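Trainee: Numbering-wise (the working numbering), the sequence shown opens with residue 1 and increments by one.
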Amino acid sequence: MAASYTPIWDPDAAGPVEVGIDVVEIDRIQAVLARFGERFLRRVYTDRERERYGNRPSELAARFAAKEAVMKVLGTGVRGVRWRDIEVLPNQRGKPIVVLYDTAAARAELLGFSHVAISLTHSRSEAMAVVVATQGTGPKREVSTT
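1) Just mark Val70 as buried or exposed, buried being the case when its beta carbon has 16 or more other beta carbons within 10 Å.
2) Looking at C-alpha atoms only, which residue of Phe36, His122, Arg42 and Ala106 is the closest neighbour of Arg84?
3) Quick check: what's the CA-CA separation for Thr134 versus Ala106?
4) Extract the residue ranges of the beta strand (DSSP E) inside the segment 11–45, only unbroken runs of 3 or more that lie entirely within it.
5) Just to confirm, is the Cβ distance from Ala65 to Ala108 under 8 Å?
6) State the DSSP-derived secondary structure class of Ser58, mapped to helix, strand or coil.
7) Shortest alpha-carbon distance to Val32 belongs to which of Val98, Arg56, Ser123 and Val19?
8) If you drop the 5 nearest sequence neighbours on each side, which residues of the same chain put their C-beta closer than 7 Å to that of Gly112?
9) DSSP three-state call for Thr103: helix, strand or coil?
10) Going along the chain, which residues of its own chain have a beta-carbon closer than 6 Å to the beta-carbon of Asp22, five neighbours each way excluded?
11) Please return the same chain residues whose Cβ sits closer than 6 Å to the Cβ of Lys72, not counting the five positions on each side in sequence.
12) Using three-state DSSP, classify Val81 as helix, strand or coil.
13) Of the residues Glu49, Arg50, Leu60 and Arg82, which one's Cα is nearest the Cα of Ser125?
14) In its own chain, which residues sit with a C-beta less than 6 Å from the C-beta of Ser119, not counting the 5 before and 5 after it?
15) Just to confirm, is the Cβ distance from Glu87 to Arg50 under 8 Å?
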């Protein structure tokens, strides 16, 4: 007799899932910081990200990887969404969350995403981000159009 089971997660109920993954070498971010400094930081990171992470290359690399992973989920690549329209900051418990603005928020709405989850990690040499976006009735992600 075959055993029966009840799945704890039903992907059909959650809607389609998109996954984006990116890895960044921390030395690469250090080199760009050394060469372009504040110009690079202002182009890629929001004011809140710059205030929080300043010149901490491992944290900046993790957020750079996160932004690229979000762009993959949105299906735009680096030319379809502005870097600063994707913000990665901790929530009140310290867990990273994705906040989308303007072009990124519009693209997420177009795709019908109701939730964007993120996980970040880094070693001494590399930073990595995994982003999962789902359609359906899950918790809403933070979106701002200002």
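Glycine is no exception: its CB is placed at the ideal position from the N, C-alpha and C atoms. Being a predicted model, the structure only gives us computed values, none of them experimental.
Mentor: If we stick to the structure as given:
1) For the purposes of this step, residue 70 is taken as residue 70 along the sequence shown, with counting starting at 1. The residue in question, Val70, is buried, as its Cβ has 16 or more Cβ neighbours within 10 Å.
2) As a working note, residue 84 is residue 84 in the sequence shown. The residue with the shortest Cα to Cα distance from Arg84 is Arg42.
3) The residue labelled residue 134 in the question sits at position 134 within the sequence shown. The residue labelled residue 106 in the question sits at position 106 within the sequence shown. Here the alpha carbon of Thr134 sits roughly 15 Å from the alpha carbon of Ala106.
4) 17–25, all fully within the segment 11–45.
5) Position 65 of the sequence shown, counting from 1, holds the residue named residue 65. Position 108 of the sequence shown, counting from 1, holds the residue named residue 108. No. Outside cutoff.
6) As a working note, residue 58 is residue 58 in the sequence shown. Correct three-state label for Ser58: helix.
7) Within the sequence shown, the letter at position 32 stands for residue 32. Looking from the CA of Val32, the closest CA among Val98, Arg56, Ser123 and Val19 belongs to Arg56.
8) Residue 112 sits at position 112 when you count from the first residue of the sequence shown. Only Gln135 meet the Cβ criterion.
9) Within the sequence shown, numbered from 1, the residue matching residue 103 stands at position 103. In this structure, DSSP gives Thr103 a helical state, which the three-state scheme calls helix.
10) In the sequence shown, counting from the first residue as 1, residue 22 sits at position 22. Around Asp22: Ala65, Glu68, Ala69 and Ala129.
11) Translated into the one-based positions of the sequence shown, residue 72 becomes position 72. Gly20, listed in sequence order.
12) Numbered from 1 along the sequence shown, position 81 holds the residue referred to as residue 81. Correct three-state label for Val81: coil.
13) Residue numbering aside, residue 125 sits at position 125 when the sequence shown is read from its first letter. Nearest of Glu49, Arg50, Leu60 and Arg82 to Ser125, Cα basis: Leu60.
14) For the purposes of this step, residue 119 is taken as the residue at position 119 of the sequence shown. Annotation for Ser119: Val130 place their beta carbon closer than 6 Å to its own, counting only its chain and skipping 5 residues before and after.
15) Locating residue 87 in the sequence shown gives position 87, counting from the first residue. Locating residue 50 in the sequence shown gives position 50, counting from the first residue. A distance of 8 Å or more separates the beta carbons of Glu87 and Arg50.
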